[in-house]
Amino acid sequence: MKRRKRCNAGRLLRLSAGLVPAACAAGAAVMGAALGQPATAHAAGKEDVIILRVCNWEEYMDLGEWDEEERIELENGVSILGERPLYKEFEDWYRETYGKEVRVEYSCFGTNEDLYNQLTLGDTYDLVCPSEYMIMKLMAEGQLQPYSEAFYDRENEYNYYVNGVSPYIYRTLSENEINGESWSKYAAGYMWGITGVLYNPEELSAEEASTWMLFHNPAYSRQVTLKDNVRDSYFAALGALKSELLMDDAFVSDMRYQERLGAEMNDVSPETIAAAERLLGEMIDNSYSLETDSGKADMITGKIVANYQWSGDAVYAMDQAQEDDFYLKFAVPQECTNLWFDGWVMLRDGIGGDVQKQQAAEAFVNFLSRSDNAVRNMYYIGYTSSIAGSAGDDTVFEYLNWCYGAEEEDDVIEYPVGYFFSGNNEDEAYVITAAVEQADRQLYAQYPSWEVLQRSAVMEYFDADTNKAINRMWINVRCFNISEVPVGVWLLVLLLVLAALGVRYSNKRVKH
-16 MKRRKRCNAG
-6 RLLRLSAGLV
4 PAACAAGAAV
14 MGAALGQPAT
24 AHAAGKEDVI
34 ILRVCNWEEY
44 MDLGEWDEEE
54 RIELENGVSI
64 LGERPLYKEF
74 EDWYRETYGK
84 EVRVEYSCFG
94 TNEDLYNQLT
104 LGDTYDLVCP
114 SEYMIMKLMA
124 EGQLQPYSEA
134 FYDRENEYNY
144 YVNGVSPYIY
154 RTLSENEING
164 ESWSKYAAGY
174 MWGITGVLYN
184 PEELSAEEAS
194 TWMLFHNPAY
204 SRQVTLKDNV
214 RDSYFAALGA
224 LKSELLMDDA
234 FVSDMRYQER
244 LGAEMNDVSP
254 ETIAAAERLL
264 GEMIDNSYSL
274 ETDSGKADMI
284 TGKIVANYQW
294 SGDAVYAMDQ
304 AQEDDFYLKF
314 AVPQECTNLW
324 FDGWVMLRDG
334 IGGDVQKQQA
344 AEAFVNFLSR
354 SDNAVRNMYY
364 IGYTSSIAGS
374 AGDDTVFEYL
384 NWCYGAEEED
394 DVIEYPVGYF
404 FSGNNEDEAY
414 VITAAVEQAD
424 RQLYAQYPSW
434 EVLQRSAVME
444 YFDADTNKAI
454 NRMWINVRCF
464 NISEVPVGVW
474 LLVLLLVLAA
484 LGVRYSNKRV
494 KH
């Protein structure tokens, strides 16, 4: 994901624009003062205080200060109210649980590339939360510290992550590898989602919105928006470029469908990049704009009719539009969708072989993975947590029911989410009775159907050479590809220049 300014998808809008940047700025200031020096606590002679340097996306962790009316009361008796920042509550929990003092120096980054540049320039963190492709890049470069065996010990009652992570997320992280090592060795899932199309159902049909070809459809010229980043827009271009293949019955029914789909959506051959460049240029010409955050507002205000969007931001936009009785919907292209996740990873340079610091870092991940804290983060951020809950703990499912459950006498559907909670989508214990409209609205965006996830693909990281080629392509379509300007255009420009010079020369002669 991605980069992105997250907002709330729960019952109330929680815009913390002033609070979060201030907290992050303060954390960054403390971090800057500590780099290359003994930690402040050590300088004061408190050698028993563990300093844990954490860097996360902006607005990507509950910072508390909820109003009492925001308290979440669930059917299972759990009451949730965010009063203080989670990273501050962790300090208290760690002291009470392990009998040791820890201080979290919390700072933020804006994009995966910003984080990578910070690391390249020498900033030191212990625990960071990049997106899947940056995790793969850091793995390939040997910058990550693997999680300990103790972290995955299911017998430890404080190991909330391994005991509560969704079977679907755990399997995804375990089965995918970089250089023969699974992602789960180095990464713990935090938030996840897909990409799709946020659209106005009064202006276009679900069928029209459910294809990447929408962004090339002249019927909606200057009424759609694409993402202003190369990875997401390249994925959309591949989906449109390969639409016929991806929808072919023989391709879809192939025993190796998932593997082939991943290969097609990670195709970076020179021929494909060139074809994608041409198509993407046409898609951009057909778009109202390229955006990273303004698409939500443009949909709400009606400037556009469709927006390429991350699932969490789509939920935010649908929530906000609904307050004005304006209903938007979310579609997933039939060709495929991009499955993304953000995860916690430890940095070798930060941990530095310090056993106590690694234990604190792993405990921090576990604390955030406790079901009540996962709910707090989902309510505050608006994206979907990787946590489903441990055996006997249905807090996350009850929260989902709190958000979207409907009375059975209403016009409802039975919406199964067993794939996420138990690993079995036929599990009758995990079915939400929701309003019919939720089949293509917030619930659908936050917890995509199993059928949708079957046609999802993770976009992998680009190596150095591929990255150069992709960025060159992006510059061409974003700016101006001089090499593609026809000779006739250059001749016309030359004639205009000569004509202008001739007029200037004539004027000078007249003056003399």
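Mapped onto my numbering, the consecutive letters of the sequence shown carry residue numbers -16 to 495.
C-beta atoms are modelled at their ideal positions from N, C-alpha and C, and glycine is treated no differently.
Assumed close pair residue 266, residue 209 - CB separation to whole angstroms, cut-off 8 Å:
6 Å
Please return the same chain residues whose Cβ sits closer than 7 Å to the Cβ of residue 457, not counting the five positions on each side in sequence.
213
Looking at C-alpha atoms only, which residue of 165, 143 and 87 is the closest neighbour of residue 115?
165
Going by the beta-carbon positions, is the gap between residue 307 and residue 59 smaller than 7 Å?
no
Can you give the Cα-Cα distance for residue 130 and residue 75, rounded to whole angstroms?
23 Å
What number of angstroms, rounded off, separates the C-alpha of residue 331 from the C-alpha of residue 423?
43 Å
In terms of residue numbering, what span does the beta strand (DSSP E) encompassing residue 321 cover?
320 to 330
Three-way DSSP call (helix, strand, coil) for residue 168 in this model
helix
Is residue 286 helix, strand or coil when you go by DSSP?
coil
What is the DSSP secondary structure of residue 206, counted as helix, strand or coil?
coil
Buried or exposed (CB count within 10 angstroms, at least 16 for buried), residue 120
buried
Which class does residue 110 belong to by DSSP, given the choice of helix, strand or coil?
strand
Helix, strand or coil: which one does DSSP assign to residue 48?
coil
Best match in 441, 343, 284 and 393 for proximity to residue 82 [C-alpha to C-alpha]:
343
Quick check on the DSSP output: the beta strand (DSSP E) that includes residue 40 runs from which residue to which?
32 to 40
Whole angstroms is fine: what's the gap from residue 183's alpha carbon to residue 435's?
21 Å
Contact between the region 217 to 230 and the region 298 to 313 (3+ Cβ pairs under 8 Å)
no
Alpha carbons only, please: which of 297, 157 and 109 is nearest the one belonging to residue 337?
109
Coarse secondary structure for residue 314, derived from DSSP in three states:
strand
Given 8 Å as the limit, is there contact between the region 84 to 100 and the region 34 to 44, that is, 3 or more CB pairs closer than that?
yes
So does the region 155 to 163 actually touch the region 353 to 360, counting three or more Cβ pairs closer than 8 Å?
no
Measuring alpha carbon to alpha carbon, tell me which residue in 95, 375, 453 and 128 is nearest residue 217.
453
Here's a check: name, in chain order, each residue in its chain whose Cβ is nearer than 8 Å to the Cβ of residue 334, leaving out the five neighbours to either side.
109, 128, 340, 341 and 344
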